Amino acid sequence: MIRTSLIAAAVLASSTAVASAEFQFSAYGGWQTAPHSLVTVTGIGAESFTAGWDGRSFEMPPYWGLRGTYWLERLDMPKWGVSVDFTHAKVYADAATFPKTDNWTRFEFSDGINILTVSAMRRFDRWNGFEPYVGVGAGLSIPHVEVTRPEGTTFNYQVGGAALQAQVGANYYINDWLSVFGEYQFNYAMNNVTLTEGAKLETNIILNAFVAGVSVHF
9 MIRTSLIAAA VLASSTAVAS AEFQFSAYGG WQTAPHSLVT VTGIGAESFT AGWDGRSFEM
69 PPYWGLRGTY WLERLDMPKW GVSVDFTHAK VYADAATFPK TDNWTRFEFS DGINILTVSA
129 MRRFDRWNGF EPYVGVGAGL SIPHVEVTRP EGTTFNYQVG GAALQAQVGA NYYINDWLSV
189 FGEYQFNYAM NNVTLTEGAK LETNIILNAF VAGVSVHF
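Quick look at the structure:
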């Protein structure tokens, strides 16, 4: 009887822990675009132009992201959470951009505009398995700068500056520990980087993405 009771208690505790999951790990991919942005180069070979961007989300390396979210259930705030999000976005200067430059042959952030943010999250009541959520946060833009121009070639990772992120989406729960989700994600990445020849390049890039992914709840 005692043994049976202990087993039943363990099963109940385990199921309760799953049902009141506090941590959520998510992985996602999707389609991302970016509007035009002003590019300013100061120092050696100074110039200024407007760049158009191609996202090429499904070409290697693809657009993807990872997110860990901690919901504040133990603080009696189950609708609120804190997330850490890493997004690997990318942009390539389009064909119309290069005639505006002084003989550039390559200009892209294709190993990415990597964005690391911490966000406040808010989820809403679940309905028929769907649980809407929103989030907003800030962090860093970490671009891989790829520029080739007459003055030199730059090919390296740098900390570009601050980044802002916002998202709105909904989880659909398959069971208590697994869900899928769809989301619109907005990123604003400030990039102030140094080119190999010593010049400074600055451009602030807006990223719009529609993503889908899967979450595991612990």
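Convert by adding 8 to the 1-based position in the sequence shown; the result is the number in the working numbering. Yeah, the Cβ is synthetic: ideal placement off N, Cα and C, and Gly gets one too. Quick caveat: nothing in here was measured; it's all calculated off a predicted structure.
When DSSP states are grouped into helix, strand and coil, R82 belongs to the helix group.
Secondary structure at P107: helix, using DSSP grouped into helix, strand and coil. Between I213 and the set A103, G206, I150, the nearest pair of CA atoms involves I150. Sequence-distant Cβ neighbours of E116 in its own chain, meaning closer than 7 Å and more than five residues away, are V99, Y100, A101, E154.
For E159, the secondary structure class from DSSP, reduced to helix, strand or coil, is coil.
Taken in chain order, the whole beta strand (DSSP E) runs of length 3 or more contained in the region 24-69 are 31-41, 45-50, 55-59.
Burial of A42 is indicated by the presence of at least 16 other C-beta atoms within 10 angstroms of its C-beta.
Q166 sits in coil when the DSSP states are folded into three classes, being neither helix nor strand. Taking C-beta separations shorter than 6 Å and ignoring five residues to either side along the sequence, the partners of E139 in its chain run R131, N179, following chain order. Under the three-pair Cβ rule at 8 Å, the region 154-172 counts as touching the region 118-125. For I213, the enclosing beta strand (DSSP E) covers residues 208-225.
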